[in-house]
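Inspection log for the structure reproduced underneath, given as structure tokens.
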Amino acid sequence: MSERALLEVIALDAEDAVAAQAGGADRLELVTDMAADGLTPAVETFTAIRAAVDIRLRVMLRLADGFAAGDVSALVRAARALRAAGADEFVLGFLDEQGGPDLAAVESVVAELDGCRWTFHRAIDRAADRDALRKQLADLPGLDTYLTAGSAGGVDAGLDVLLAEASRTVSGEPGYAQQLLVGGGLRLDHLPALRAAGVSAFHIGGASRPAGWSAPVSSTAVRVWREALDS
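Every letter in the sequence shown is one number past the one before it in the working numbering, and letter 162, counting from 1, is 409.
Dropping the structure here:
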């Protein structure tokens with residue numbers, strides 16, 4: 248419990264980024280269009296945010312709602328443009344029609360990242376077999392994190408899964424070397440059980456915006472989470 252927990256906050260623009268950093272965020276997930284659960288932001292948005300804050304940025308690579316890859320060549324072009332602009336951490340994850348990882352799409356995009364660190368996002372919560380997915384992806388270069396609620400229904404529904412996976416991560420089981428980043432309906436009252444299980448990374452979106460997604464990130468709301476994680 249002595250390890251400082253990582254707090255990642257969703258940011259849509261530079262105003263969000265500044266507020267999140269002021270509140271104590273360690274890292275930002277950069278997206279656009281939360282009506283589609285977060286898509287790839289414009290390169291100009293990335294550069295504005297990079298100029299505004301000095302904390303780590305993970306940029307979403309996802310061009311349409313859902314977890315199908317869609318136009319892989321367009322994803323590769325987006326990754327290339329963001330890398331050229333200086334992005335060095337990413338978020339992605341694609342499933343095939345059977346609910347397994349779309350390895351061809353993931354590998355094509357990852358090849359463009361030059362070994363950069365990246366998160367496999369909540370597509371894992373829609374996978375047909377979470378354990379099989381982890382083992383299929385285990386050796387991909389740069390993969391260091393899974394963003395998950397343990398269930399497509401959110402942390403309330405997935406808490407037991409998260410606790411079990413945290414135990415497997417702590418034990419060093421093959422396929423579980425990546426950090427568990429918990430997010431998706433996460434509440435403050437979930438934190439004690441997750442921290443006790445060894446979870447050390449947390450992701451918030453709506454929780455950082457008490458006035459809703461039409462309003463910017465609140466540094467005060469982020470600070471509440473920072474203090475809860477540090478206590």
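Idealized CB from N, CA, C, for every residue including glycine.
- Between the alpha carbons of Arg-297 and Leu-304 lies a gap of roughly 8 Å.
- Residue Ile-451 holds the alpha-carbon nearest to the alpha-carbon of Ala-258 among Arg-415, Ala-375 and Ile-451.
- Rounded to the nearest whole angstrom, the C-alpha separation of Thr-287 and Asp-312 is 11 Å.
- An exposed status is given to Leu-435, since fewer than 16 other beta-carbon atoms sit within 10 Å of its beta-carbon.
- Listed in chain order, the non-local C-beta contacts of Ala-295 below 6 Å within the same chain comprise Ala-261, local neighbours out to five positions each way being set aside.
- Taking Gly-346 as reference, the option from Gly-271, Arg-330, Leu-428 and Ala-374 with the minimal CA-CA separation is Ala-374.
- Sequence-distant partners of Ala-316 (beyond 5 residues in either direction) whose C-beta falls short of 6 Å from its own C-beta, in its chain, are Phe-341, Asp-349 and Ala-352.
- Contact fails between the stretch 399-416 and the stretch 456-466, because fewer than three Cβ pairs, one in each stretch, are under 8 Å apart.
- When DSSP states are grouped into helix, strand and coil, Asp-391 belongs to the strand group.
- Around the beta-carbon of Ser-455, 16 or more other beta-carbon atoms lie within 10 Å, marking it buried.
- In this structure, the alpha-carbon of Val-469 lies about 30 Å from that of Ala-325.
- Here the alpha carbon of Leu-329 sits roughly 13 Å from the alpha carbon of Val-278.
- Across the structure, Ala-289 and Glu-359 are spaced so that their CA atoms are roughly 17 Å apart.
- Linking Leu-390 to Pro-421 through their CA atoms gives a straight-line distance of about 14 Å.
- The Cβ atoms of Phe-449 and Leu-254 lie closer than 8 Å to each other.
- Val-256: not part of any alpha helix (DSSP H); member of the beta strand (DSSP E) spanning 253-258, first to last residue.
- Secondary structure remark: continuous beta strand (DSSP E) runs of at least 3 residues inside the stretch 376-435, in chain order: 390-395 and 426-429.
- Annotation: the continuous alpha helix (DSSP H) that includes Glu-291 extends over 290-299.
- In the three-state reduction of the DSSP assignment, Ala-458 falls in the coil class.
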